[in-house]
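Residue numbers (my numbering): 293 to 650.
In this text, a Cβ means the ideal position worked out from N, Cα and C, and glycines have one as well.
Bear in mind that the values here come from a model prediction, so they are computed numbers and not experimental data.
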Ligand SMILES: Cc1ncc(COP(=O)(O)O)c(C=O)c1O
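In structure tokens, the structure reads:
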């Protein structure tokens with residue numbers, strides 16, 4: 293059942309405006325012409341599904357999402373291949389995670405077919421906005437949902453608004469990363485929202501990110517909040533190490549970290565690079581000892597925005613470690629080239645991850 297109706301009056305950006313945006317898109321600075329929108333109410337379920345002009349919303353200041361943080365989001369990309377076809381990467385995984393986040397935040401699930409249709413139509417109506425592959429540019433899609441009942445008082449809303457925005461982007465972290473281990477702040481806890489993609493997780497992390505920047509680091513490496521002895525993940529990315537015995541180790545999904553789709557993809561690709569994928573608890577002490585002794589040969593972080601980013605340093609008030617010789621690791625670069633090759637259509641998609649949309 294197709295449901296998202298296209299508003300035929302949406303103004304189109306000129307070819308010149310699009311060319312200017314694509315010359316240096318940054319991340320999240322320019323938005324495509326159409327956004328998808330849908331409304332949910334307890335009485336009617338999902339309705340008013342449409343592709344409208346990307347633009348300001350008219351909101352009563354008492355909508356509860358602005359007060360109590362009942363909000364979730366996703367991030368996925370569409371890639372232009374050399375033959376000009378346009379493809380999305382594993383969108384059904386984002387749909388499933390969006391539903392998981394919704395359940396955790398006591399919000400209604402958006403059916404998978406509505407999620408897929410909305411992201412697909414945002415791409416299809418805005419194909420001129422999908423950059424060429426040079427510089428690993430792509431079209432980033434940002435589906436999100438927030439509580440939109442006019443209500444001051446803490447309770448789950450009876451109204452929700454879903455929107456999907458599209459924007460041309462470059463990779464978020466073009467340089468190798470140095471990660472900061474905060475002595476003070478935590479991202480998640482047992483029973484908390486760490487495995488949901490909700491805005492509050494990110495709002496609460498910004499103070500640690502500012503601390504990272506003050507200490508010359510790009511991002512945060514989060515440890516578990518209870519004991520500060522287990523590695524969890526990076527600020528907007530999952531965390532992995534490669535050992536000298538040929539393991540690709542990443543902390544297991546323990547309910548406190550986000551189940552990254554890039555993480556899952558790298559674990560799947562590992563064996564074709566001579567690496568054994570291992571999901572298990574990773575002690576911070578083991579990480580430090582491994583980097584110092586050389587038992588850990590490479591460190592990397594991954595995510596849709598971050599792609600696959602080499603980590604060349606780890607810092608805290610007590611430590612300042614350089615990974616290997618301080619340059620990106622060879623296996624990390626191989627994995628990155630393989631994944632982006634699948635996404636941009638230059639490597640075979642043997643796992644069936646790509647979905648053609650244009
Ligand atoms: C906290 C966090 N962890 C991990 C990831 C990586 O997830 P994915 O690979 O699905 O983008 C992200 C980015 O979405 C994130 O925000």
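For ligand 2, is there a heavy atom less than 8 Å away from the beta-carbon of residue i?
i, result
"residue 494", "Although ligand 2 was asked about, the structure shown includes only ligand 1 as ligands."
Could you tell me which residues DSSP pairs with residue i in its beta bridges?
i, result
"residue 435", "456"
"residue 530", "594"
"residue 491", "Beta-bridge pairing links residue 491 to no other residue."
"residue 398", "DSSP, once it has assigned bridges, lists no residue as partnering residue 398."
"residue 451", "333"
"residue 467", "None, per the DSSP bridge assignment."
"residue 568", "539"
"residue 363", "438"
"residue 319", "461"
"residue 525", "514"
"residue 602", "592"
"residue 371", "379"
"residue 338", "332"
Considering only the beta carbon of each residue, do residue i and residue j sit closer than 9 Å?
i, j, result
"residue 600", "residue 631", "yes"
"residue 524", "residue 514", "yes"
"residue 453", "residue 357", "yes"
"residue 487", "residue 372", "no"
"residue 530", "residue 594", "yes"
"residue 459", "residue 322", "yes"
"residue 522", "residue 575", "yes"
"residue 324", "residue 418", "yes"
"residue 326", "residue 355", "no"
"residue 319", "residue 464", "yes"
"residue 596", "residue 368", "yes"
"residue 468", "residue 602", "yes"
"residue 480", "residue 527", "no"
"residue 512", "residue 539", "no"
"residue 621", "residue 499", "no"
"residue 363", "residue 439", "yes"
"residue 402", "residue 330", "yes"
"residue 370", "residue 298", "no"
"residue 328", "residue 365", "no"
"residue 470", "residue 510", "yes"
"residue 614", "residue 605", "yes"
How many angstroms separate the CA atom of residue i from the CA atom of residue j?
i, j, result
"residue 644", "residue 543", "26 Å"
"residue 633", "residue 456", "26 Å"
"residue 475", "residue 609", "7 Å"
"residue 461", "residue 520", "35 Å"
"residue 412", "residue 477", "38 Å"
"residue 647", "residue 566", "27 Å"
"residue 430", "residue 598", "12 Å"
"residue 537", "residue 568", "9 Å"
"residue 473", "residue 305", "43 Å"
"residue 350", "residue 336", "21 Å"
"residue 585", "residue 434", "41 Å"
"residue 443", "residue 450", "10 Å"
"residue 641", "residue 381", "10 Å"
"residue 309", "residue 300", "20 Å"
"residue 650", "residue 607", "44 Å"
"residue 582", "residue 348", "50 Å"
"residue 624", "residue 494", "26 Å"
"residue 564", "residue 446", "50 Å"
"residue 545", "residue 557", "14 Å"
"residue 562", "residue 507", "33 Å"
"residue 629", "residue 550", "23 Å"
"residue 577", "residue 617", "20 Å"
"residue 611", "residue 432", "36 Å"
"residue 587", "residue 572", "17 Å"
"residue 437", "residue 501", "25 Å"
"residue 627", "residue 638", "14 Å"
Please report whether the beta-carbon of residue i lies at a distance below 9 Å from any beta-carbon of chain B.
i, result
"residue 372", "Chain labels in this structure do not include chain B; a single protein chain is all it has."
Three-pair Cβ contact test at 8 Å for the region 367-381 versus the region 421-438: Yes, since at least three Cβ pairs between the region 367-381 and the region 421-438 fall closer than 8 Å, the two stretches touch.
Stretch pair the region 333-343 + the region 398-414: three plus CB contacts closer than 8 Å: Contact holds between the region 333-343 and the region 398-414, because three or more Cβ pairs, one in each stretch, are under 8 Å apart.
Any 3 or more C-beta pairs closer than 8 Å across the region 383-399 and the region 487-496: A contact exists between the region 383-399 and the region 487-496.
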